[in-house]
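**Student:** Here it is, the structure, as C-alpha cells.
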Amino acid sequence: QQKLSDRINSLATSQTLAMAAKTRELREEGKDIIGLSLGEPDFNTPDFIKEAAIQAINDNYNSYTPVDGYVELKDAISKKFKRDNNLTYNRSQIVVSTGAKQSLANIAMVMINPGDEVLLPCPYWVSYAELVKLAEGIPVEVPTTVESNFKITPAQLEAAITPKTKMIWYSSPSNPSGMVYSKEELRALADVLVKYPDIIVVSDEIYEHINFVGAHASMAQFEDMYDRVVTVNGVSKAFAMTGWRIGYIGAPDWIAKACTKMQGQITSGANCIAQRAVITALEAPVSSIKFMIDTFKSRRKLIISLLDEIKGFKTTEPEGAFYVFPDVSYFFGRTLKGHHIKDATDFSMFLLEEALVATVTGDAFGNPECIRLSYAASEAQIEEALKRIKTAVSEA
Ligand code: PLP
C-alpha cells in the first residue's frame, strides 16, 4: 500500500462494484440475493447485432483499429447524432472509446488541470467525482433533493460558479435519479452558462433512449452552447451491450483531437469486432430496441407502486433510465432487527443482510439520504424484492 501512488490511494473503490462483490459473497454462502444494484439491462444483445459481430469475425476484422474509431462507425455515429438529436458532428469531432467510461476518462485527462473545479449536480454518476480527482481536479457538488425532483436550478448553478470553475458534468436521463431535464430546463441552465463562456459542459446522454416523458434534449442543440459541449453517448444501456465496451463523444474538434491523443497512448482504438457490431446497432431504427424501453416502462410503474406502499420511502417518479432513488432518511437513527441505521450505507447493507436485496447507497452519488434501486430486473424479481423490503422494515 505504502508503495502505491497517492493517486490510486486517494481513489474510492466503485461502490456499485463493491456491492456486487458483497452480493457474490453472500450468494456463494447459498443466500438467495435479488440484485437491484447493477446498472445493466437484463436483456440479451439483440440478435441482429450479434450476427454483425459474427460476420466481422469471419470477415477477418482482427487488426488494430484507428485510434478514434473506424470511419464507417464514425459515419454511423454522425448519422445517429443527426437523426436522433439533430446535432451535426462530422468525423473529426467524433472519438470512439472503450465504453463511455473511457470517453469520460479521456475528457477528464485532457481538460482538467490541478485545482480546476468541476461542478457535479447531485446525484451524479459515481465515476464522475473519481475521474475528476484522478485528473487532480476538484469535484464541486451542487446538491438537490427528492423535493426538487433532483434537478438543479439556474440560481444554484450560478451560485456554484467560481473563477476556478472549468467544467460541469451531468447525465440526463440521470443515473442514479432517473430525472430528465426538459429542453426548457436545459435552456434555463444554458442562459447562466452563456455568461461564463470558458466553462465546458459534459452532457452524458447514455440513457437517451430510455426516456418515458418525451423528446430527449441535448445541451449541444443550443447554437450558443454547441462549441463548448462534449456530448457523451454509448451503446451499453439502450442496446444491452455493456460488455462490448463501446462509447463515443461528439465534441469540438480541439477536444476530440486531444482525446484521440490521450487514448492513443493508453489503449489505442476500441475493439474491432465490437465496433463493427455497433455500426449495425446504430444504423438500425430506434424501433428495434423499443421492446426493451417498453419493458422498463412497465417495470417502473410496478416498482413505484410497490415502493409507495412502504412507509419511509420518499420517491420521485423517474422519467428515464432504469433506476429509482428514494430518500430513506426516515430510517436514520432507528434500530431495525437489531441493526442500528445511521445512514444510507447502513440501510443498504441492512437490506442486503435482512431482506437479501442488493441496492446501492446514495453516498456513492452525492446524496447520502437516498439509496438506488435498479429495475433492470424481471417483474417477478421486483415483486419479491419489494415484498422482502416491506417485511424487513415493517417494525419502523
Ligand atoms: N455514464 C453513465 C451515466 C452511466 O450510468 C454509465 C454506466 O453505468 C456510463 C456512463 C458508462 O457506460 P459504458 O458502459 O459505456 O462505459
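The opening residue of the sequence shown carries number 2 in UniProt numbering; numbering runs sequentially from there. By construction, the Cβ of each residue, glycine as well, lies at the ideal position given by its N, Cα and C atoms. Values in this document were obtained by computation on a predicted structure and should not be read as measured data.
(1) Hey, could you find the ends of the beta strand (DSSP E) N234 is sitting in?
(2) At which residues does the alpha helix (DSSP H) containing P155 begin and terminate?
(3) In whole angstroms, what is the alpha-carbon distance linking L5 and T317?
(4) Would you list the residues whose beta-carbon is nearer than 5 Å to any heavy atom of the ligand PLP, in the order they occur in the chain?
(5) Work out the CA separation of K134 and N114 for me, nearest whole Å.
(6) Would you check if the stretch 267–278 and the stretch 55–75 touch, i.e. whether three or more CB-CB distances between them fall below 8 Å?
(7) Go through its chain and collect everything with a Cβ distance to S183's Cβ below 7 Å, but skip five positions before and after it.
(8) Tell me the DSSP secondary structure of residue 398 in three-state form.
(9) Under a Cβ-count criterion, where at least 16 other Cβ atoms within 10 Å of its own Cβ denotes burial, should residue 1 be classed as buried or exposed?
(10) Hey, Q94 and D199: beta-carbon distance below 9 Å or not?
(11) For the beta strand (DSSP E) containing G215, list its first residue and its last residue.
(12) Return the residue from the list E29, T17, D364, R246 that minimises the CA-CA distance to S237.
(13) Going by C-alpha to C-alpha distance, which of I78, Y376, G363, L352 sits closest to R389?
(14) Can you give the Cα-Cα distance for I342 and F348, rounded to whole angstroms?
(15) Starting from R188, follow the alpha helix (DSSP H) in both directions and report where the run begins and ends.
(16) Run the CB neighbour count on F292, radius 10 Å, all protein chains shown included, and call it buried at 16 or more, exposed below.
(17) CB E320 to CB P174, shorter than 9 Å?
(18) Are P177 and R373 close, meaning C-beta to C-beta below 9 Å?
(19) According to DSSP, D328 sits in a beta bridge with which residue or residues?
(20) Would you check if the distance between the CB atom of H210 and the CB atom of I304 is smaller than 9 Å?
(21) Secondary structure at A98, three-state DSSP: helix, strand or coil?
(22) With a threshold of 16 other CB atoms inside 10 Å of the CB of I35, please say whether the residue is buried or exposed.
(23) Pull up the CB-CB distance for G244 and V233, whole angstroms please, since I reckon it's below 8 Å.
(24) Can you tell me which of the three DSSP states Y129 falls into?
(25) Let me check you understand the geometry: is the CB of N114 closer than 8 Å to at least one non-hydrogen atom of the ligand HEM?
(26) Measure the alpha-carbon distance for Y129 versus K23 and round it to whole angstroms.
(27) With a cut-off of 8 Å on the beta carbons, I'd call R92 and K81 a contact; round off their distance for me.
(28) Under three-state DSSP, which class holds A359?
(29) Tell me the rounded alpha-carbon separation between W126 and A21.
(30) Could you spell out where the alpha helix (DSSP H) holding W255 opens and where it closes?
(31) L187: which of A221, D43, P164, A160 sits nearest, CA to CA?
**Tutor:** Reading it off the structure:
(1) 230–235
(2) 155–161
(3) 42 Å
(4) G40, G100, A101, K102, W126, S172, N176, D205, I207, G235, S237, G248
(5) 10 Å
(6) yes
(7) A218
(8) This structure cannot speak to residue 398, because the chain is shown only from 2 to 397.
(9) Residue coverage of the chain in this structure runs from 2 to 397, which leaves residue 1 outside it and unanswerable.
(10) no
(11) Per DSSP, G215 belongs to no beta strand (DSSP E) and is neither H nor E.
(12) R246
(13) L352
(14) 6 Å
(15) 184–194
(16) exposed
(17) yes
(18) yes
(19) K315, C371
(20) no
(21) In the sequence as displayed, the identity of residue 98 is Ser instead of Ala. Strand, per DSSP.
(22) buried
(23) Contact doesn't hold; Cβ gap of about 19 Å is too wide.
(24) helix
(25) What this structure holds is the ligand PLP, not the ligand HEM.
(26) 23 Å
(27) The Cβ separation is near 13 Å, so there is no contact.
(28) strand
(29) 16 Å
(30) 254–267
(31) A221
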